[in-house]
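Those letters in the sequence shown? Residues 183 to 278, per the working numbering, in order.
For glycine and all other residues, C-beta sits at the position ideal for the given N, C-alpha and C.
All values derive from a computational prediction rather than experimental measurement.
Before any comments, here is the structure.
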Amino acid sequence: MRGGHIYLMTNKPFGVLYIGVTADLSARVNAHKRGEGSVFCKRWGLDRLVWMEPHRDIDQAIKREKQLKRWKRAWKLRMIVEANPNWDDLYLGLNG
Numbered sequence: 183m184r185g186g187h188i189y190l191m192t193n194k195p196f197g198v199l200y201i202g203v204t205a206d207l208s209a210r211v212n213a214h215k216r217g218e219g220s221v222f223c224k225r226w227g228l229d230r231l232v233w234m235e236p237h238r239d240i241d242q243a244i245k246r247e248k249q250l251k252r253w254k255r256a257w258k259l260r261m262i263v264e265a266n267p268n269w270d271d272l273y274l275g276l277n278g
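Encoded structure:
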């Protein structure tokens with residue numbers, strides 16, 4: 183069984199949001215930061231990892247990602263603020 187992460191990227195606090203799922207969070211966020219993660223992230227300059235949720239099973243991560251994509255924006259913002267009130271870039275703590 184392969185694990186995975188759901189994650190949220192933004193360009194600034196309360197800015198444009200992107201939700202994704204990956205089996206390798208560090209590599210995926212690094213790709214976003216280089217402008218190679220997705221056309222949407224590159225277009226809007228989404229290079230700040232502000233929320234993540236680990237899952238033991240990638241299929242469960244995908245299911246949860248689909249659920250979160252249906253959420254209202256206000257719910258996603260509240261979820262980020264509760265976990266990361268300063269909107270820090272969590273990527274900085276991934277590899278250290």
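Neighbour flag for residue i against chain D, beta carbons, 8 Å
i	result
Leu-274	Absent from the structure is chain D; it holds one protein chain and no more.
For residue i, three-class secondary structure by DSSP
i	result
Trp-233	strand
Gly-275	helix
Phe-196	coil
Leu-228	coil
Start and end residues, beta strand (DSSP E) containing residue i
i	result
Leu-190	186-192
Val-203	199-204
Endpoints, alpha helix (DSSP H) assigned at residue i
i	result
Val-211	207-215
Glu-247	240-251
Glu-264	255-265
Short Cβ contact (8 Å threshold) for residue i with residue j
i	j	result
Arg-230	Met-261	no
Val-203	His-214	no
Pro-267	Gly-185	no
Length of the line joining the Cα atoms of residue i and residue j
i	j	result
Glu-218	Asp-270	21 Å
Glu-247	Phe-222	17 Å
Ser-208	Leu-276	7 Å
Lys-224	Lys-194	14 Å
Residue i, buried or exposed, once every other Cβ within 10 Å from all chains shown has been counted against 16
i	result
Ala-243	buried
Arg-279	This structure gives no information on residue 279, because the portion of the chain shown stretches from 183 to 278.
Arg-210	buried
Leu-274	exposed
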